[in-house]
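> Okay, so the sequence shown: first residue is 1 according to full-length UniProt numbering, each after it adds one.
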Amino acid sequence: MSNEGIVLDGAKVFWEGLKPRLKAERWILGLSIVLAVLAALAGIHILAVLAFWLVLAAALLKRSAPLAEPVPEAAPSVTETRTDALIPVLNALDMPVLVIAADETVLFQNAAAEKAFGTIPPESYLSARVRSPGILDMVRETIATGKVNQIEHAERLPSDAVYVVRVAPADVGGEGPSGRVFLLTYRDISQTRRIDRMRSDFVANASHELRTPLASLRGFIETLEGPAKNDTKAQEKFFGIMHEQVTRMSRLVDDLLSLSRLELKSHIAPEDQVDLVPLLGHVRDSLLPLASDLDVRISLEVPEEPVFVQGDRDELIEVFENLIENACKYGQEGKKVDVRLTGKEGQAEVTVTDYGPGIPAEHVPRITERFYRVNVEASRSKKGTGLGLAIVKHILTRHRARLLIHSEVGKGTVFTVRF
Numbered sequence: 001m002s003n004e005g006i007v008l009d010g011a012k013v014f015w016e017g018l019k020p021r022l023k024a025e026r027w028i029l030g031l032s033i034v035l036a037v038l039a040a041l042a043g044i045h046i047l048a049v050l051a052f053w054l055v056l057a058a059a060l061l062k063r064s065a066p067l068a069e070p071v072p073e074a075a076p077s078v079t080e081t082r083t084d085a086l087i088p089v090l091n092a093l094d095m096p097v098l099v100i101a102a103d104e105t106v107l108f109q110n111a112a113a114e115k116a117f118g119t120i121p122p123e124s125y126l127s128a129r130v131r132s133p134g135i136l137d138m139v140r141e142t143i144a145t146g147k148v149n150q151i152e153h154a155e156r157l158p159s160d161a162v163y164v165v166r167v168a169p170a171d172v173g174g175e176g177p178s179g180r181v182f183l184l185t186y187r188d189i190s191q192t193r194r195i196d197r198m199r200s201d202f203v204a205n206a207s208h209e210l211r212t213p214l215a216s217l218r219g220f221i222e223t224l225e226g227p228a229k230n231d232t233k234a235q236e237k238f239f240g241i242m243h244e245q246v247t248r249m250s251r252l253v254d255d256l257l258s259l260s261r262l263e264l265k266s267h268i269a270p271e272d273q274v275d276l277v278p279l280l281g282h283v284r285d286s287l288l289p290l291a292s293d294l295d296v297r298i299s300l301e302v303p304e305e306p307v308f309v310q311g312d313r314d315e316l317i318e319v320f321e322n323l324i325e326n327a328c329k330y331g332q333e334g335k336k337v338d339v340r341l342t343g344k345e346g347q348a349e350v351t352v353t354d355y356g357p358g359i360p361a362e363h364v365p366r367i368t369e370r371f372y373r374v375n376v377e378a379s380r381s382k383k384g385t386g387l388g389l390a391i392v393k394h395i396l397t398r399h400r401a402r403l404l405i406h407s408e409v410g411k412g413t414v415f416t417v418r419f
């Protein structure tokens, strides 16, 4: 091809590239040409006008030139892309999950893990947040061998919990160790363990406490079938005793079941708002017949304004029924029981005071234990099961409240419930 052809082709290419720019700025270029002609007619030197117009045209053409394309960012690695894709899936799980790198740093924790164990900053070392040697050794073994491992682990704080902790490798893309992470999962089996413990405790307690009344019933039945078969007076007496024993056993089973249910949910705080003023009035009214039979007067002192606490109404009724009923039965000698509510919303305090014989100091720390009795004969004569104060303690523990006991022999006993 000749030099002339090359020049023509180059001019053609230049013109084809220039045409879109001229078209885009045609109105401004046309206006500038008109202004240049008018300036020339007005006597301004033609060279100056031409130079001004060329500078203006060059500036306009440069402004209309397309911007340089941005440098594309480096595409994320396959491993990062697939790990990020797992995040919504892991957050949807109800069990705590930690994603761990091969260097034992925590890459991610799901929402359940954050709720259970608190926030773990990214890139933190697992050993800085998990103190269990068993879990750490298990994770290191899995990182080294690639094999799945699991152990059973118990937590004491913020509440008793038992987990099956499992660690397993997961390939999320890439080749070699860089494409592998490790999933540390916590499966909560606390409820299962509580049910197992409840079942064993119930069987042990029931068998121990029911043995005596069952033996009595058997003896009475044998007597009625033998020597007292035709003795009407003895039959009436024995039937009355048997009825009392059966009633006591029924009450004992009810208390054991109530205690077991409370233990199952002791770690779950109630969320309802309960006004203690009408609640205590209801409890007092329900126990007036018992107090009348025992010749005991129940006095109630409450503020005029409502006093709300966070709790379960039925359980709080059971607490104050147990405390006031015990005060009437075991403080019968004092002839009166004083119930007093003080405080304000969220910081209430209820005291139940009797003026009976009091409790010796050595027994006070243990009277909330199940089946513990200061005086076995007195307790059974008053139809107690030995579980009332244990139930009170468990309910107040669930309500995050305290039971304080102050007693002096010969002066009476004060039970204080402090929310």
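Ideal Cβ placement from N, Cα and C applies to all residues, glycine included.
Model, not experiment: these values are computed from the prediction.
How long is the line joining the alpha carbons of L300 and P213, rounded to whole angstroms?
37 angstroms
> Go ahead and pull the three-state DSSP assignment for residue 448.
Since the displayed the chain opens at 1 and closes at 419, residue 448 lies outside it and no answer follows.
> Using the Cβ count rule (16 or more neighbours within 10 Å means buried), how would you classify T81?
Confidence in T81 is poor, its pLDDT being 49 and thus under 50, which makes the residue's placement too unreliable to answer from.
> Alpha carbon to alpha carbon, how far is G410 from V319?
25 angstroms
> Near G281, what residues of its chain come up, given a Cβ to Cβ distance below 8 angstroms and the 5 sequence neighbours on each side ignored?
If we look at G281 and ignore the five residues flanking it on each side, its Cβ neighbours are L300, V302.
> Does DSSP put A102 in a helix, a strand or coil?
coil
> Going by CA-CA distance only, name the one from V364, V350, G331, E325 that's closest to V277.
V350
> If you follow the beta strand (DSSP E) that L184 is part of, which residue opens it and which one closes it?
180-188
> Would you say the stretch 83-101 touches the stretch 179-197, given that touching needs at least three Cβ pairs under 8 angstroms?
yes
> Would you mind stating whether A327 and D293 have Cβ atoms separated by less than 8 angstroms?
no
> At the level of alpha carbons, what is the spacing between I189 and A161?
8 angstroms
> So, does the stretch 124-144 touch the stretch 102-114, judging by three or more C-beta pairs under 8 angstroms?
yes
> Where does the unbroken beta strand (DSSP E) through A161 begin, and where does it stop?
161-171
> Could you say if the stretch 325-339 and the stretch 259-275 meet the contact criterion of at least three C-beta pairs nearer than 8 angstroms?
Too few Cβ pairs lie closer than 8 angstroms, so no.
> Starting from the Cα of G134, find the closest Cα among D94, T119, Q150, D312 and give me that residue.
Q150
> Report the three-state DSSP secondary structure of R418 (helix, strand or coil).
strand
> With DSSP as the reference, identify every bridge partner of D354, one or two as the case may be.
V337, T413
> So, are the CB atoms of L323 and L279 less than 8 angstroms apart?
no
> Span of the alpha helix (DSSP H) holding L323?
Start and end: 313-330.
> So is H394 buried or exposed if we call it buried at 16+ other beta carbons inside 10 Å?
buried
> Can you list, in chain order, the residues of its chain whose CB lies under 7 angstroms from that of G334, leaving out five sequence neighbours each side?
Excluding residues within five positions, the ones whose Cβ falls inside 7 angstroms are D354, Y355, G356, G412.
> Mind checking which residues open and close the alpha helix (DSSP H) that includes E141?
Element bounds for E141: 133-145.
> Exposed or buried, what is F239 when buried is set at 16 or more other beta-carbons lying within 10 Å of its beta-carbon?
exposed
> Going by DSSP, name the residue or residues bridged to V274.
V309
> Give me the Cα-Cα distance between K329 and E222, rounded to the nearest whole angstrom.
C-alpha separation (whole angstroms): 34 angstroms.
> Following the continuous beta strand (DSSP E) through I405, name the residue where it begins and the one where it ends.
402-408
> Where do the N-terminal and C-terminal ends of the alpha helix (DSSP H) with R398 fall, by residue?
388-398
> If you reduce the DSSP assignment to three classes, tell me which class N149 lands in.
strand
> Between V417 and L262, what straight-line distance do the alpha-carbon atoms span, to the nearest angstrom?
18 angstroms
> For E301, report the span of its beta strand (DSSP E) as first-last.
297-301
> Specify the secondary structure class of L107 as computed by DSSP and reduced to three states.
Under the three-state reduction of DSSP output, L107 falls in the strand class.
> How many Å lie between T192 and V164 at the Cα?
12 angstroms
> Here's the rule I'm using: 16 or more other beta-carbon atoms within 10 Å means buried, otherwise exposed. How should I298 be labelled?
buried
> Inspect the beta-carbon positions of L387 and F371 and report whether they are closer than 8 angstroms.
Yes, they are a contact pair.
> Leaving out five residues before and five after V307 in sequence, what residues of the same chain have Cβ atoms less than 8 angstroms from its Cβ?
D275, L276, V277, L341, G343, K344, E345, A348
> Can you give me the start and stop residues for the alpha helix (DSSP H) that L126 sits inside?
Where L126 is concerned, the enclosing alpha helix (DSSP H) starts and stops at 126-129.
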